[in-house]
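Let me begin by presenting the structure, written as structure tokens, before commenting on it.
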Amino acid sequence: MDRTIITVVGKDTVGIIARVCTYLADRKINILDITQTIVQGFFNMMMIVDTSEMDTDFTSLSEGLGKLGEEIGVQIKCQKEEIFDMMHRI
Amino acid sequence: MKEVFETNAMVEKENLDVRTITMGISLLDCAGSDVDTTCSKIREKIIRHAGRLARTAEDISREFGVPIVNKRVSVTPAALVGASCCRSTDDYVKIAMTLDRTASEIGVNFLGGFSAIVSKGMTESDRMMMKSIPEALACTGTVCSSVNVGSTRTGINMDAVRMMGRIVKETAERTRDNGSLGCAKLVVLCNAPDDNPFMAGAFHGVTEADAVISVGVSGPGVVKYALEKVRGKSFEVLCETIKKTAFKITRVGQAVAQEASRRLGVPFGIIDLSLAPTPAIGDSVAGILQEIGLEKAGAPGTTAALALLNDQVKKGGVMASSYVGGLSGAFIPVSEDQGMIEAVECGALSIEKLEAMTCVCSVGLDMIAIPGDTPASTISGIIADEAAIGMVNQKTTAVRIIPVIGKGVGESVEFGGLLGHAPIMPVNRFSCEDFIRREGRIPAPIHSFKN
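Residue numbers (the numbering used here), protein chains in the order written: chain A, 858 to 947; chain B, 916 to 1366.
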């Protein structure tokens, strides 16, 4: 398993989750967990996904999601999970 | 989820980054009897080891979502590598130019190690290498130079101190058209560590392996934001907050270092736990001091606040990484720190106060612009003072001072980029010429005799 964290932050609109999920499904990326809240009209989502089976490389995924984010009008970032574990767990 | 958003906020709003990945490369096996052969061996070896450094660092940066600002290389002190083949200062300049070209070729922004270690005495090649520094720094862009003039074990080599005063001045003259920028790439150290990843003092010491990866972390902005939440609280809360933040920052460095070491197949050396400011708004060590409760950096209490900050950064960072080294502490470079610049401009901060601050922080008088007509002996005097602080307190100290040719107090100089801009600071006008003219060295202090 190769876990990656995807975060989506921005103004709420119709179909954000749908479009991100479709994008991931097209690249054989399995979603393990989704948490989502709306804070003062702002959409905050965090996804944990498994990228071990994906048919693209990390750089194109990161750039592709960035571009998709621009289209929807939100900011999408993807980062390897290790960095969060390292920072916040002893 | 909170942790994920906290991390991303640190990167986006609070300037969290990894300041530098530095690969140290030993060039001892490149030394030969002919300077051209030595140069081509140097180029070949650096490319073989660090050819993929910049690319790998960018990949890691993208995958972790943390910016890695600088990719750098440090090499064995040039005075050692060139000892057997350099017959003149021109030969040393040739080595500097090879290093410069190679650095641009592999895409690193600075290469350190045009250095000499002369803490007790100078060989003929050390002397020649030091004399070549002004020319070398004038005709290269990425090469950084350092000279270690003293240590707690050996005392201070005052002949080297005297020479360096003149070399700093000459370097300033040679680069006068660029605001004497050459001096920003030249640092005079006492107790220089072998594994420092930060420029301009980085070199790959002879105690090190063939190649190592060291990482310098940063994050004054992150500490400042964290402290904003505990305004008015006790020292205990203050220290605890700095420690926790330093831990997190260092862990990011540790993660990046391990990953880079794995991908490049080069052993991991150390993490340098330093709070390294940048001219960016909010990324300032002076900003932290103000947040701790000072009106401006330089106000009474500054030395105590800095001592506290430095110690807590180390205590938090040491827990986060098994191997800590380099300079490790808070940096106080004037031109690279917006808060320091403001403090100088409004008269809160003087060179004398900065000197006191260097007793309790990680390095020394760093990126300080002084009038261009300051005599070489006065610069030597400043170097000697700083080296004495390092020698007696068993810590690293350094002087990176820029006599800006053609400018005086009240004016300022622009270096651009990470080096920032600096107001020219007044220097004590009384002479130390007769002191500096004495030959020989200052003996090692009594507490260095530990056997």
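Cβ coordinates follow ideal geometry from the N, Cα and C atoms, glycine included. Since this is a predicted model, take the numbers as computed values, not measurements.
Please go through the same chain and pick out, in chain order, the residues whose beta-carbon is closer than 6 Å to the beta-carbon of residue i, but skip the five residues on each side of it.
i, result
"Ser1236 (chain B)", "Thr1165, Gln1169 and Ile1186"
"Ala1087 (chain B)", "Ser1095, Cys1098, Pro1318 and Ile1320"
"Val1233 (chain B)", "Val1239"
"Lys960 (chain B)", "Cys945"
What number of angstroms, rounded off, separates the C-alpha of residue i from the C-alpha of residue j?
i, j, result
"Arg1089 (chain B)", "Pro1049 (chain B)", "7 Å"
"Tyr1007 (chain B)", "Asp1015 (chain B)", "12 Å"
"Lys1159 (chain B)", "Val1138 (chain B)", "9 Å"
"Ser1295 (chain B)", "Met858 (chain A)", "60 Å"
"Ile957 (chain B)", "Met1012 (chain B)", "11 Å"
"Pro1135 (chain B)", "Asn930 (chain B)", "8 Å"
"Ile1128 (chain B)", "Phe1025 (chain B)", "15 Å"
"Tyr1140 (chain B)", "Gly1036 (chain B)", "47 Å"
"Ser1040 (chain B)", "Thr1057 (chain B)", "23 Å"
"Asp944 (chain B)", "Gly1180 (chain B)", "20 Å"
"Pro1215 (chain B)", "Asn1225 (chain B)", "17 Å"
"Cys1276 (chain B)", "Thr1289 (chain B)", "26 Å"
"Met1114 (chain B)", "Ser1363 (chain B)", "28 Å"
"Leu1142 (chain B)", "Ala1220 (chain B)", "13 Å"
"Gly947 (chain B)", "Ser1061 (chain B)", "23 Å"
"Ile1297 (chain B)", "Pro1248 (chain B)", "16 Å"
"Gly1213 (chain B)", "Phe1330 (chain B)", "23 Å"
"Glu868 (chain B)", "Glu1354 (chain B)", "The displayed coordinates of chain B run from 916 to 1366. Any statement about residue 868 (chain B) would go beyond what the structure contains."
"Gly1231 (chain B)", "Arg946 (chain A)", "14 Å"
"Val1278 (chain B)", "Val1103 (chain B)", "11 Å"
Specify the secondary structure class of residue i as computed by DSSP and reduced to three states.
i, result
"Lys1035 (chain B)", "coil"
"Met948 (chain A)", "Nothing about residue 948 (chain A) can be reported from this structure: the residues present for chain A run from 858 to 947 only."
"Thr864 (chain A)", "strand"
"Leu931 (chain B)", "coil"
"Gly1325 (chain B)", "coil"
"Asp1187 (chain B)", "strand"
"Cys1105 (chain B)", "strand"
"Leu1264 (chain B)", "coil"
"Thr1055 (chain B)", "coil"
"Asn859 (chain B)", "As shown, chain B starts at 916 and ends at 1366. That puts residue 859 (chain B) outside it, with no answer to give."
"Asp949 (chain B)", "coil"
"Pro1049 (chain B)", "helix"
"Leu1242 (chain B)", "coil"
"His1336 (chain B)", "strand"
"Arg1356 (chain B)", "strand"
"Phe1162 (chain B)", "helix"
"Phe1029 (chain B)", "strand"
"Pro1135 (chain B)", "helix"
"Val1228 (chain B)", "helix"
Between the options, which lies nearest to residue i when the distance is taken from Cα to Cα?
i, options, result
"Met925 (chain B)", "B:Ile936, B:Ile975, B:Val981 and B:Ile957", "B:Val981"
"Ser1034 (chain B)", "B:Glu978, B:Cys1105, B:Ala1161 and B:Glu959", "B:Cys1105"
"Pro1152 (chain B)", "B:Leu1223, B:Pro1192, B:Ala1107 and B:Gln1205", "What sits at residue 1152 (chain B) in the sequence shown is Val, not Pro. The residue with the shortest Cα to Cα distance from Val1152 (chain B) is B:Leu1223."
"Gly867 (chain A)", "A:His945, A:Glu927, A:Met944 and A:Arg946", "A:Glu927"
"Gly1080 (chain B)", "B:Arg1352, B:Glu1123 and B:Asn1366", "B:Arg1352"
"Thr916 (chain A)", "A:Lys934, A:Val906 and A:His945", "A:Lys934"
"Ser1189 (chain B)", "B:Val1181, B:Ser1199 and B:Gly1180", "B:Ser1199"
"Leu1101 (chain B)", "B:Glu1329, B:Arg1315 and B:Gly1213", "B:Arg1315"
"Asn1308 (chain B)", "B:Thr953, B:Ile1361, B:Leu1221 and B:Glu1267", "B:Ile1361"
"Leu995 (chain B)", "B:Ala965, B:Val950, B:Asp974 and B:Ile983", "B:Val950"
"Glu927 (chain B)", "B:Ser1265, B:Thr1055, B:Thr1273 and B:Ala1195", "B:Ala1195"
"Met1043 (chain B)", "B:Phe1150, B:Ser1003, B:Met1282 and B:Ile940", "B:Ser1003"
"Asn1072 (chain B)", "B:Pro992, B:Lys1322 and B:Glu1301", "B:Glu1301"
"Thr908 (chain A)", "A:Val877, A:Met943, A:Leu881 and A:Met944", "A:Leu881"
So, using beta-carbon positions, are residue i and residue j closer together than 7 Å?
i, j, result
"Val933 (chain B)", "Val1171 (chain B)", "yes"
"Met904 (chain A)", "Ile891 (chain A)", "yes"
"Cys1154 (chain B)", "Gln1253 (chain B)", "no"
"Ile936 (chain B)", "Ala1126 (chain B)", "no"
"Gly1241 (chain B)", "Asp1109 (chain B)", "no"
"Asn1063 (chain B)", "Ile1021 (chain B)", "no"
"Lys948 (chain A)", "Phe1183 (chain B)", "Shown here, chain A extends from 858 to 947; a query on residue 948 (chain A) therefore has no answer."
"Val1324 (chain B)", "Ile1304 (chain B)", "no"
"Gly1027 (chain B)", "Phe1118 (chain B)", "yes"
"Glu1251 (chain B)", "Gly1335 (chain B)", "yes"
"Val919 (chain B)", "Ile862 (chain A)", "yes"
"Ala1271 (chain B)", "Thr1218 (chain B)", "yes"
"Arg1344 (chain B)", "Gly1070 (chain B)", "no"
"Ala1299 (chain B)", "Val984 (chain B)", "no"
"Arg884 (chain A)", "Thr864 (chain A)", "no"
Cutting at 8 Å between CB atoms, please list the residues of its own chain near residue i, excluding the five before and the five after it.
i, result
"Glu939 (chain A)", "none"
"Gln893 (chain A)", "Ile874, Phe900, Asn901, Met902 and Met903"
"Gly930 (chain A)", "Gly867, Lys868 and Thr870"
"Ile962 (chain B)", "Thr1017, Glu1020 and Ile1021"
Might you give, ordered along the chain, the residues of its own chain that have their beta carbon closer than 7 Å to the beta carbon of residue i, omitting 5 neighbours on each side?
i, result
"Lys1310 (chain B)", "Asn1106"
"Lys1084 (chain B)", "Ala1291, Ile1294 and Pro1318"
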